[in-house]
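Here's the structure, in structure tokens; my notes come after.
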Amino acid sequence: MKKYQLILLIDDNRIDNFIHQHVLSKADVSEDILIKNSAVEALEYLKNPDHVFPDVIFLDIRMPIMDGFGFLRAFEELPEEKKSAVKIFLLSSSIDPIDVEEAGKYKRITRFIQKPLDISQLSPYI
């Protein structure tokens, strides 16, 4: 598997973040893993030109204030040169057909993954 400079985890569930960070760290797929506990917090980070832009984003769908789809709409407003190479994986506790259908509207989504994250789900994609 390729080793990335930065992976960004966006999830309001701190336990899920802890588990997913552990899985990714153990797989040694990134130099650094950054955790943001909300989509709003993640967008603030991404809009700052001084911050390193992630190579991969793992995005929860169900979050308060701004859900994963709201994040994706706002992400589209970021400069193309920054976002063009980013791989985005949607994470969900359940595979709701409505969410799967909605996810299909976003070309930037690499894969829809059911929680908890398992590295074997990613090997063909990262």
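Counting from 45, one number per residue, gives the positions in the sequence shown under the numbering used here.
For every residue, glycine included, the Cβ atom is placed at its ideal position computed from N, Cα and C.
- A straight line joining the alpha-carbon of residue 74 with that of residue 123 spans about 23 Å.
- Linking residue 106 to residue 81 through their CA atoms gives a straight-line distance of about 12 Å.
- In the displayed model, residue 89 falls within a helix according to three-state DSSP.
- Counting only runs of at least 4 residues, the segment 124–160 fully encloses the following alpha helix (DSSP H) elements, listed from N- to C-terminal order: 124–127, 141–147.
- With contact defined as three or more Cβ pairs closer than 8 Å, the segment 142–151 and the segment 52–67 are not in contact.
- DSSP, reduced to helix, strand and coil, places residue 122 outside both helices and strands of the structure shown, so it counts as coil.
- In the DSSP annotation of this structure, the continuous segment of the beta strand (DSSP E) that includes residue 103 starts and ends at 100–104.
- Distance from the Cα of residue 70 is smallest, within the candidate group 145, 45, 98, for 45.
- Taking 7 Å as the cut-off, the Cβ atoms of residue 98 and residue 52 count as close.
- For residue 69, the enclosing alpha helix (DSSP H) covers residues 58–71.
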